[in-house]
Amino acid sequence: MKQLKRLFSNYVFNIALIIGLSVLVFYLTVRDNPAEVFDRLKNADRLWLVLIMLGMLGFRILNGAALQEECNLTRPGYSLRQGIENAFVGGFFNQITPSASGGQFAQVFLFRRQGVPVTESAGVLWMNFILYQSTMVASVFVLLLMKFRTFYVKFSQFFVVVLLGFLVNSAVIITLWAMVKFPRFYTWLSTKGIEIGSKLHLIKDKEKASKQLEDQLVRFQKEVEVLSHHKRMVIKVCLIHFIRLLLFYSIPFMSAKALGFQVTAKEYPDMLTLASFVAMVNAFIPLPGASGGTEATFLLMFSLILGSVNVRPTMLLWRFMTYYFDMMVGGIVFLVTRLRPPVVLDKKTEQTEVSQ
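This is how it looks when you write it as structure tokens:
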């Protein structure tokens, strides 16, 4: 198990795995009608392609704007450019690590190079996580309510998986809010909850799990306290994250339009909801970029609207833009930031950071 964990922490292995899975998925996608798929992709509408690229760039740029807003609470000189760089670097490392586990570590590293102490950057990332995750959970919940009956009938065979994915994505933020609002829930979770997890062999070290739970709650409470005094900023950042999600979930619709498929404005809400469902199911796929499972889920879900033939080139275009294009831009931004000399913190700041 340790060897497997060490293997998946190797970036070279992860990139090789991504390439291997990508080649396999591409082959399985085009093998039945390669000529038609290539023809569709080759003749894609250039304007829609530009709009899709702008949408993905906007997805990261808006996150950079959110990071700037949050960072400026304690460090007013933090610029939009720095926030955007941080967003792209975080996205890049999320894409190449299993379960998107490497993004925040890379962001803390970059924050440090930008002159933001670790303690401050950890607080900013926690704040951003709280607001993004809360916005995402609320947005998907609304979409589920709006389209529940329609998609429960059409996707009854795996709708339970979609709901489980939603619960997995929602679990952390809902649990943290519940622990803050209901102290009895925290007491139960830190005692009987951990005991149950241990008996089910989900938790190996009960003391370590209890300490981690307490640390998370303390950090969460601290950031919630900060947010409670900056409600205007909270509304602004939540609106930014809502627009980000709207852009990201719109890419399948835009991809279909780029390839000339007859999708109408009436189908846009359905495709928006399906895109959020794909994101929910991806919570169960621990591979870097959720490779393999993401493509299969997209083909399965969107074939209902696009058909089994049209969905294939749509998936390839969508996947390239939302993953490979995004990863390439993030990698370039990371290389640029590494070439730039880091900001040196003064000794007083360094000492304060270490003591905390």
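Our numbering puts the first residue of the sequence shown at 545, with every later residue one more than the last. All C-beta atoms, glycine included, are put in the ideal place defined by N, C-alpha and C. Values in this document were obtained by computation on a predicted structure and should not be read as measured data.
ask   = DSSP state of P661, grouped into three classes?
value = For the purposes of this step, residue 661 is taken as residue 117 along the sequence shown, with counting starting at 1. P661 falls in the coil class under three-state DSSP.
ask   = Going by other Cβ atoms of all chains shown within 10 Å of its Cβ, with 16 needed for buried, is V534 buried or exposed?
value = Past the boundaries of the shown model lies residue 534; the chain is included only from 545 to 900, so the question cannot be answered.
P886 in three-state terms, based on DSSP = Residue 886 sits at position 342 when you count from the first residue of the sequence shown. It is coil, neither helix nor strand.
Proximity test, M872 beta-carbon vs the ligand ADP heavy atom, cut-off 8 Å = Judged by which ligands are present, the structure shown has none, so any question about the ligand ADP falls away.
inquiry  = For I559 and F685, I'd like the C-alpha separation in whole angstroms.
reply    = Walking along the sequence shown from the start, residue 559 turns up at place 15. Walking along the sequence shown from the start, residue 685 turns up at place 141. Spanning the two alpha carbons is a distance of roughly 34 Å.
task = List the endpoints of the continuous alpha helix (DSSP H) containing I747.
result = For the purposes of this step, residue 747 is identified with residue 203 of the sequence shown, where counting begins at 1. Note, I747: premise wrong, no alpha helix (DSSP H); not H, not E.
request  = With DSSP as the reference, label P620 as helix, strand or coil.
outcome  = Your numbering for residue 620 matches position 76 in the sequence shown. Coil at P620, not helix or strand.
key: Distance between beta carbons of L601 and H774, contact taken as under 8 Å   = On the sequence shown, residue 774 is found 230 positions in, with the first residue counted as 1. On the sequence shown, residue 601 is found 57 positions in, with the first residue counted as 1. The Cβ separation is near 28 Å, so there is no contact.
Given 8 Å, three or more beta-carbon pairs between the stretch 844 to 855 and the stretch 586 to 594 = no
query = Terminal residues of the continuous alpha helix (DSSP H) containing T858?
reply = Position 314 of the sequence shown, counted from the start, is the residue given in the question as residue 858. Here the alpha helix (DSSP H) through T858 covers G837 to R863.
inquiry  = Within the continuous alpha helix (DSSP H) that includes Q806, where are the two ends?
reply    = Translated into positions along the sequence shown, residue 806 becomes position 262. Q806 -> no alpha helix (DSSP H), and no H or E assigned at all.
key: Same chain, Cβ closer than 6 Å to R604, five either side skipped, listed in chain order   = In the sequence shown, residue 604 corresponds to position 60, counting from 1. Closer than 6 Å at Cβ, skipping near neighbours: A631, F632 and G635.
ask   = Mind checking whether V662 and F673 have CB atoms under 9 Å apart?
value = In the sequence shown, counting from the first residue as 1, residue 662 sits at position 118. In the sequence shown, counting from the first residue as 1, residue 673 sits at position 129. Cβ atoms of V662 and F673: not closer than 9 Å.
message = Given this structure, state the Cα-to-Cα distance separating R625 from Y868, to the nearest angstrom.
response = Taking the first residue of the sequence shown as 1, we reach residue 625 at position 81. Taking the first residue of the sequence shown as 1, we reach residue 868 at position 324. Cα to Cα, the separation comes out at about 22 Å.
query = Could you check where the alpha helix (DSSP H) with N577 kicks off and where it finishes?
reply = Position 33 of the sequence shown, counted from the first residue, corresponds to residue 577. That residue, N577, is in no alpha helix (DSSP H); it is neither H nor E in DSSP.
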